[in-house]
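Asker: After the structure tokens below, expect a handful of questions from me.
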Amino acid sequence: MSTSVSEPQATQAIRIADVCKSYGDYPVLKNINAEVARGEVVVICGPSGSGKSTLIRTVNRLEEINSGGISFEGQDIHAPMRGSELNKLRSSIGFVFQSFNLFPHLSVVENVSMSPIRVKGIAANVAHDKALKLLDRVGLADKANSYPGQLSGGQQQRVAIARALAMEPPVMLFDEPTSALDPEMVGEVLSVMKSLAADGMTMLCVTHEMGFARDVADRIWFIDAGEILETAPPEDFFKNPRHPRAQRFLADLRH
Amino acid sequence: MIHDFITIIQDYWLLLLIGQYPNGPLGGLANTLILSALAIAFAFPVSILMALARLSKWWFLRWPMTALVYVTRGVPLLMLILWCYFVIPLWTGADVPSFLIMLVTLVIYQGAFLSEVVRAGIVSLGQGQMDAARALGHGYMGAMRFVILPQALYNMIPSMISTFVSTIKDTTLGYVINVPDLTFAASQVNNQLLTQPFQVFLILAVVYYILCWSLTFVANSVERRIARRRAGPRNVRLPAEAAPLKTITEQL
Ligand SMILES: Nc1ncnc2c1ncn2[C@@H]1O[C@H](COP(=O)(O)OP(=O)(O)OP(=O)(O)O)[C@@H](O)[C@H]1O
Ligand SMILES: [Mg+2]
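Protein sequences, first through last, are from chains R and B. Following the numbering used here, the numbering of the first sequence begins with 73 at its first residue and continues without gaps. Following the numbering used here, the numbering of the second sequence begins with 6 at its first residue and continues without gaps.
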């Protein structure tokens, strides 16, 4: 590939170029090339163990890669850089985990306001007010002073989304945000994600919620065995998937 | 019998409390308390640094610290005390007071034990908390300070208290290098009375028991307060993974 990953591209939020990663001899990501435009919502789907989590975690460098590059807003996030520089880049990429990973020793509002205060140096009272607004946005204003252990899974995940939003990231990554939830709580989290998408947030979501993918996604990436086999708008992907493994994956999902 | 105790305490309370002070160095219970408090106050941060070094990705921090912790934990405290007592003056060429030697030894020894507890506390939190902190833009040290250590240290309170209690008990070993502490004072009293060792050393035992018990008591109530705050006003319960304090305290 002749194009450098750090070449500024006006419309691209994320650009993944020739990314390879393996654990020992086992290749998890094989020559991934893909991009996410600003304001775009991309859903990554694929069978278990196909490398979805690994891929999304390389985007904010929670995982290192072996070769290739990933640019975020024109900056190569896997380039050698000082720790403080990487922290700054990471703080502008929101990440929502499957298992919420809220900080159990902090109250809900502290969970949301802590990083703006400690990382960005925002005044405590300003961060607190902002946190309350974000909690209101995810429908949890009344839980501000509760602790994560007192909340249901759906509520915890909404707090986790508010916590990520508090850093005002232009891009949000979701790794199976509803997979750890009881079925009756999936809807409340998805509707927060839908409202984010409606506000124009750039989103990259790993999810098995095909209803969400159909309604909200601009494009679907189908990944299997560490390769992106198909990228298509949802209507094409669901109606006539081209790759046989995508066809099988969709057939399996239907029963 | 009761009369004996009262007489001993009436005659020697000042010696047991402050040693020869002001005619000699400060000793007795006061010195035991100071030594314990200093040892605990230094062993605690030292143990965190040792644990972080052992978890470091840099071998030049990890290997020497691992060796130090293993050696320290595998050697009787008395050996370590005697060794420091003879070696530190040789190295420094200075006349180091026995109090200071005892303090340094206790800090290294208890720090090593405590560092294993800290390390286990950090490891048992799992990767998720660190990932979440890093994803929000915290550096390693920031994540440790605001996310990992507050949780790990809280989960460690029971084991930490048991180490602190054994630190208090271990100050008695300062006797062998003539640290003028409570044990030292008691044995002076015994040497003067000659006929009442049982009474003298029972008083000593009771004082140590009260010291250790109060520390455990205070720590217990602090732990309960934190647990109650986190569980909220409605459902008060200790987190499942925190074993009852007594069972762990009594193992050491
Ligand atoms: N730390 C690791 N060491 C070794 N192998 C790993 C490690 N993490 C993941 N793998 C392997 O890499 C492959 C991809 O894992 P990954 O978690 O990215 O899959 P996934 O698509 O997210 O699956 P799931 O749907 O189950 O979450 C799997 O085969 C997994 O076993
Ligand atoms: Mg996964």
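Glycine is no exception: its CB is placed at the ideal position from the N, C-alpha and C atoms.
Between the alpha carbons of Ala-297 (chain R) and Val-122 (chain B), how many angstroms are there, rounded?
Answerer: Computed Cα separation, rounded: 40 Å.
Asker: Closer than 8 Å to a non-hydrogen atom of ligand 1 - does that hold for the CB of Pro-119 (chain R)?
Answerer: Under cutoff, so the answer is yes.
Asker: Run through DSSP, which three-state label would Ser-218 (chain R) get?
Answerer: DSSP places Ser-218 (chain R) in coil when its eight states are reduced to three.
Asker: Measuring only the C-alpha atoms, how far is Phe-284 (chain R) from Leu-262 (chain R)?
Answerer: If you take the alpha carbons of Phe-284 (chain R) and Leu-262 (chain R), they lie about 7 Å apart.
Asker: Could you check whether the Cβ of Arg-209 (chain R) sits closer than 9 Å to any Cβ belonging to chain B?
Answerer: No, Arg-209 (chain R) does not count as interfacial toward chain B.
Asker: Evaluate Leu-19 (chain B) with the Cβ neighbour count: other Cβ atoms within 10 Å of its Cβ, from every protein chain shown; 16 or more gives buried, anything less gives exposed.
Answerer: With fewer than 16 Cβ atoms within 10 Å of its Cβ, Leu-19 (chain B) is classed as exposed.
Asker: Which residue comes first and which comes last in the beta strand (DSSP E) that contains Ser-94 (chain R)?
Answerer: Note, Ser-94 (chain R): beta strand (DSSP E), 84 to 95.
Asker: When a residue counts only if its C-beta is closer than 7 Å to some heavy atom of ligand 2, which residues count, in chain order?
Answerer: The filter returns R:Lys-124, R:Ser-125, R:Gln-170, R:Asp-247, R:Glu-248, R:Val-278, in chain order.
Asker: Examine ligand 1 and report whether any of its heavy atoms sits within less than 8 Å of the Cβ of Met-131 (chain B).
Answerer: According to the sequence shown, residue 131 (chain B) is Gly rather than Met. Result no, Cβ not under 8 Å from ligand 1.
Asker: Quick check on Phe-321 (chain R): does DSSP put it in helix, strand or coil?
Answerer: Phe-321 (chain R) falls in the helix class under three-state DSSP.
Asker: Count the other C-beta atoms from every protein chain shown that fall within 10 angstroms of the C-beta of Trp-64 (chain B), then say buried if there are 16 or more, exposed otherwise.
Answerer: Counting Cβ neighbours within 10 Å, Trp-64 (chain B) comes out exposed, since fewer than 16 surround it.
Asker: State yes or no: is the C-beta of Ile-23 (chain B) nearer than 8 Å to some heavy atom of ligand 1?
Answerer: For ligand 1, not one heavy atom lies less than 8 Å from the Cβ of Ile-23 (chain B).
Asker: Any heavy atom of ligand 1 inside 8 Å of the beta-carbon of Ile-292 (chain R)?
Answerer: No, Cβ of Ile-292 (chain R) sits at least 8 Å from all heavy atoms of ligand 1.
Asker: Just to confirm the assignment, what range does the alpha helix (DSSP H) spanning Val-258 (chain R) have?
Answerer: Run containing Val-258 (chain R): 255 to 270, per the alpha helix (DSSP H) assignment.
Asker: Can you find a heavy atom of ligand 1 that lies under 8 Å from the Cβ of Gly-140 (chain R)?
Answerer: Checking the Cβ of Gly-140 (chain R) against ligand 1 gives no.
Asker: Please check if any C-beta of chain R sits within less than 9 Å of the C-beta of Gly-24 (chain B).
Answerer: So, not an interface residue.
Asker: Using a 10 Å radius around the Cβ and a threshold of 16 neighbouring Cβ atoms, would you call Ile-173 (chain B) buried or exposed?
Answerer: Classification of Ile-173 (chain B): buried, given that the 10 Å Cβ count is 16 or more.
Asker: CA-CA distance, Leu-178 (chain R) and Phe-172 (chain R)?
Answerer: Taking the straight line joining both Cα atoms gives about 14 Å.
Asker: Does the separation of the CB atoms of Glu-302 (chain R) and His-315 (chain R) fall below 9 Å?
Answerer: Closer than 9 Å, so yes.
Asker: Please indicate yes or no: does the CB of Val-100 (chain R) lie closer than 8 Å to some heavy atom of ligand 3?
Answerer: Looking at this structure, you won't find ligand 3 anywhere; what it does contain is ligand 1 and ligand 2.
Asker: In the DSSP assignment, the alpha helix (DSSP H) including Val-243 (chain R) goes from what residue to what residue?
Answerer: First-last for Val-243 (chain R): 243 to 247, but that is the beta strand (DSSP E), not the alpha helix (DSSP H).
Asker: Can you find a CB in chain R that lies within less than 9 Å of the CB of Arg-124 (chain B)?
Answerer: Not closer than 9 Å to any Cβ of chain R, the Cβ of Arg-124 (chain B) fails to qualify, so no.
Asker: Please report how far the alpha carbon of Ile-233 (chain R) lies from the alpha carbon of Val-168 (chain R), in whole angstroms.
Answerer: Roughly 6 Å between the two C-alpha positions.
Asker: Buried or exposed: which applies to Met-161 (chain B), given that a residue is buried once 16 or more other Cβ atoms fall within 10 Å of its Cβ?
Answerer: Its Cβ being crowded by 16 or more others within 10 Å, Met-161 (chain B) is buried.
Asker: Against chain B, which members of the region 169 to 191 of chain R pass a CB distance test of less than 8 Å?
Answerer: Answer in chain order: Phe-169, Ser-171, Asn-173, Leu-174, Phe-175, Pro-176, His-177, Met-186, Ser-187, Arg-190, Val-191.
Asker: In chain R, which residues lie less than 7 Å from Arg-139 (chain B) when you measure between Cβ atoms?
Answerer: Going along chain R in sequence order, the residues near Arg-139 (chain B) (Cβ under 7 Å) are Leu-134, Arg-162.
Asker: What whole-angstrom Cβ distance do Val-51 (chain B) and Val-109 (chain B) have, given they're in contact under 8 Å?
Answerer: About 10 Å separates the two Cβ atoms, so there is no contact after all.
Asker: Under 9 Å between beta-carbons, which chain B residues line up against Met-239 (chain R)? List them in chain order, please.
Answerer: Here the neighbours are Leu-141, Gly-142.
Asker: Using the C-alpha atoms, what's the distance from Leu-204 (chain R) back to Ser-218 (chain R)?
Answerer: So the alpha carbons of these two residues sit roughly 13 Å apart.
Asker: For Asp-136 (chain B), is the classification buried or exposed, using 16 other Cβ atoms within 10 angstroms of its Cβ as the cut-off for buried?
Answerer: Buried is the call here.
Asker: When you compare the CB positions of Thr-274 (chain R) and Met-244 (chain R), do they come within less than 9 Å of one another, or not?
Answerer: It is a contact, given that the beta carbons lie within the stated cut-off.
Asker: With a threshold of 8 Å, establish whether the CB of Ile-295 (chain R) neighbours any heavy atom of ligand 1.
Answerer: Result yes, Cβ under 8 Å from ligand 1.
Asker: I want to see whether chain R comes within less than 9 Å of Gln-193 (chain B), judged by CB atoms only; does it?
Answerer: Chain R, which has no Cβ nearer than 9 Å to the Cβ of Gln-193 (chain B), makes this no.
Asker: Measuring alpha carbon to alpha carbon, tell me which of R:Leu-223, R:Gln-222, R:Ala-236 ends up nearest Arg-139 (chain B).
Answerer: Residue R:Ala-236 is the option with its Cα nearest to Arg-139 (chain B).
Asker: Is Leu-253 (chain R) a contact residue of ligand 1, with contact defined as CB to any heavy atom under 8 Å?
Answerer: Checking every heavy atom of ligand 1 against the Cβ of Leu-253 (chain R), none is found closer than 8 Å.
Asker: Shortest alpha-carbon distance to Gly-118 (chain R) belongs to which of R:Asp-287, R:Asn-312, R:Met-282, R:Pro-305?
Answerer: It is R:Met-282 whose Cα lies nearest to the Cα of Gly-118 (chain R).
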